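> Sharing a structure below in structure tokens format, with a few things to ask.
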Amino acid sequence: MTPSWCVNLFRKQRFWRKTLYTSSLSRGLANESDGGWLRSMFAHKADARKDAHSNLLSKKDTSGLYKIQFHNVKPDCLEAYNSLSAEVHKELHRAADYPCEVVGSWNTWYGEQDQAVHLWRYYGGYPALTECLDKLRLNKAYLEYRKERSKMLISRKTQLLMEFSFWNDPVPRAGPNIYELRTYRLQPGTMIEWGNHWARAIKYRQENNEAVGGFFTQIGELYVVHHLWAYKDLQSREETRNSAWLKEGWDVSVHYTGEA
1 MTPSWCVNLF RKQRFWRKTL YTSSLSRGLA NESDGGWLRS MFAHKADARK DAHSNLLSKK
61 DTSGLYKIQF HNVKPDCLEA YNSLSAEVHK ELHRAADYPC EVVGSWNTWY GEQDQAVHLW
121 RYYGGYPALT ECLDKLRLNK AYLEYRKERS KMLISRKTQL LMEFSFWNDP VPRAGPNIYE
181 LRTYRLQPGT MIEWGNHWAR AIKYRQENNE AVGGFFTQIG ELYVVHHLWA YKDLQSREET
241 RNSAWLKEGW DVSVHYTGEA
């Protein structure tokens, strides 16, 4: 299994502001102190292929449905785009009749420049996604936002994601931080093998609370895995990653999955 991969580092545009923190907890996200990530890590391990990999690898106790948006913005429009998107996303995030929330919004620091990345979570799976889409088609303010936004964009891409059962849920965290999105494109048929390796490997990357979330594509470009990590700064990133190599077993994970 030889995945191709890329790395983006994000400056935080908005990730769990205090206002979003309160809203997210009211919708039932796991508290960091309740051991939720530890339970999920051992709750489900993928074995030989007997079902769709989405059923074998995704969480069963939550909807686990996410959407990630990649927006390539005209360089001279990035500041205006950020302001406009932040206001609209905040309203949708707070609205009780929309079963979704903004997990985080970032601008790329290293990687593809002038890019905005947004991660959404849908509570209730595909029915919740459909409900949101139907309501947005009738939301005049949102339609006006899309019209104005289209003038600022060069291109955009969206993927629907499932959350790996053995990764921790994205939860509010203190900042400031930098966030690293590592994207892997797997060979078709190797997703279960990848999941089996990472169900064991994730324990080597938990001590410094750097693991934010792990996802795989369900609709969009298939056989793609996203790992999202958080670090205080670039120096702590280097130290945290180097410390993983001191743990017996991490080298095996790197060998089989291409993580580095």
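Read in order, the letters of the sequence shown correspond to residues 1 to 260 in the UniProt record's numbering.
Glycine included, every Cβ here is placed at the ideal spot set by N, Cα and C.
Keep in mind that this is a model prediction, so the values were computed, not measured.
DSSP state of Lys-135, grouped into three classes?
For the purposes of this step, residue 135 is taken as residue 135 along the sequence shown, with counting starting at 1. In the structure shown, Lys-135 sits in a helix (DSSP, three-state: H, G or I).
> If you drop the 5 nearest sequence neighbours on each side, which residues of the same chain put their C-beta closer than 6 Å to that of Glu-221?
Looking up residue 221 in the sequence shown gives position 221. Answer for Glu-221: no residue qualifies.
> Can you tell me which of Leu-160, Lys-247, Leu-186 and Met-162 puts its alpha carbon nearest to the alpha carbon of Ala-201?
The residue labelled residue 201 in the question sits at position 201 within the sequence shown. Ranking the options by Cα distance to Ala-201, first place goes to Lys-247.
> Phe-164 and Gly-214: beta carbons closer than 7 Å?
Position 164 of the sequence shown, counted from the start, is the residue given in the question as residue 164. Position 214 of the sequence shown, counted from the start, is the residue given in the question as residue 214. Cβ atoms of Phe-164 and Gly-214: closer than 7 Å.
> Could you give the C-beta distance for Val-73 and Tyr-81, rounded to a whole number, given that I count them as a contact under 8 Å?
By 1-based counting over the sequence shown, the position of residue 73 is 73. By 1-based counting over the sequence shown, the position of residue 81 is 81. Taking the Cβ atoms as the reference, Val-73 lies roughly 5 Å from Tyr-81, within the contact range of under 8 Å.
> With C-beta atoms as the reference, is residue 279 less than 7 Å away from Thr-183?
The structure shown does not extend to residue 279, since the chain is modelled only from 1 through 260, so no value can be given for it.
> Nearest by alpha-carbon distance to Gly-195: which of Met-162, Asn-208, Val-171 and Pro-170 is it?
By one-based count along the sequence shown, residue 195 stands at place 195. Per the Cα distances, Met-162.
> I need the straight-line Cα distance from Lys-140 to Ser-150, nearest angstrom please.
Walking along the sequence shown from the start, residue 140 turns up at place 140. Walking along the sequence shown from the start, residue 150 turns up at place 150. Their backbone Cα atoms lie some 15 Å apart in a straight line.
> If you measure between the beta carbons of Val-212 and Ala-230, is that distance less than 7 Å?
Numbered from 1 along the sequence shown, position 212 holds the residue referred to as residue 212. Numbered from 1 along the sequence shown, position 230 holds the residue referred to as residue 230. Result yes, Cβ atoms of Val-212 and Ala-230 sit closer than 7 Å.
> Could you tell me the alpha carbon to alpha carbon distance between Ala-95 and Val-254, rounded to whole angstroms?
Here residue 95 is taken as the residue at index 95 of the sequence shown, counted from 1. Here residue 254 is taken as the residue at index 254 of the sequence shown, counted from 1. Approximately 42 Å between the Cα atoms of the pair.
> So, Leu-186 versus Leu-228, is the Cβ gap smaller than 7 Å?
By 1-based counting over the sequence shown, the position of residue 186 is 186. By 1-based counting over the sequence shown, the position of residue 228 is 228. Contact flag unset, no.
> Going along the chain, which residues of its own chain have a beta-carbon closer than 8 Å to the beta-carbon of Pro-188, five neighbours each way excluded?
Translated into the one-based positions of the sequence shown, residue 188 becomes position 188. Same-chain partners within the cutoff: Leu-222 and Tyr-223.
> Mind checking who Thr-240 pairs with in its DSSP beta bridge?
Along the sequence shown, read from residue 1 onward, the residue named residue 240 stands at position 240. None; Thr-240 has no bridge partner.
> Excluding sequence positions up to five away, which residues of its chain have a Cβ less than 7 Å from the Cβ of Asp-233?
As a position in the sequence shown, residue 233 is number 233, starting the count at 1. If we look at Asp-233 and ignore the five residues flanking it on each side, its Cβ neighbours are Ile-178.
> Express the C-alpha separation of Gln-218 and Glu-87 in angstroms, rounding to a whole number.
The count along the sequence shown starts at 1 and reaches residue 87 at position 87. The count along the sequence shown starts at 1 and reaches residue 218 at position 218. For Glu-87 and Gln-218, the distance between alpha carbons rounds to 29 Å.
> Please determine, among Gly-64, Pro-170 and Ser-85, the residue with the shortest C-alpha to C-alpha distance to Ala-128.
By 1-based counting over the sequence shown, the position of residue 128 is 128. Of Gly-64, Pro-170 and Ser-85, the residue nearest in Cα terms is Gly-64.
> Can you say whether Glu-101 is buried or exposed, counting buried as having 16 or more other CB atoms within 10 angstroms of its CB?
Here residue 101 refers to the residue found at position 101 of the sequence shown. Burial call: buried.
> With distance defined between alpha-carbon atoms, name the residue in Trp-250, Phe-216, His-71 and Cys-77 nearest to Gln-206.
Position 206 of the sequence shown, counted from the first residue, corresponds to residue 206. Looking at the Cα atoms, Trp-250 is the closest of the given residues.
> Counting only runs that start and end within the segment 79-111, where is the beta strand (DSSP E) found for 3 or more residues in a row?
100-110
> Examine chain B for any beta-carbon lying closer than 7 Å to the beta-carbon of Asn-177, and answer yes or no.
Considering every chain present, this structure includes no chain B. It has just one protein chain.
> I need the DSSP call for Lys-186, collapsed to helix, strand or coil.
Counted from its first residue, the sequence shown places residue 186 at position 186. Note on identity: in this sequence residue 186 is Leu, with Lys being the wrong assignment. Under the three-state reduction of DSSP output, Leu-186 falls in the coil class, being neither helix nor strand.
> In three-state DSSP terms, what is Trp-167?
Position 167 of the sequence shown holds residue 167. Note: Trp-167 maps to coil in three-state DSSP.
> Spatial neighbours of Cys-77 within its chain, please: CB distance less than 6 Å, with the 5 preceding and 5 following residues excluded, ordered by chain position.
In the sequence shown, counting from the first residue as 1, residue 77 sits at position 77. Met-152.
> Return helix, strand or coil for Lys-151, following the three-state DSSP convention.
Indexing the sequence shown from 1 puts residue 151 at position 151. Coil, per DSSP.
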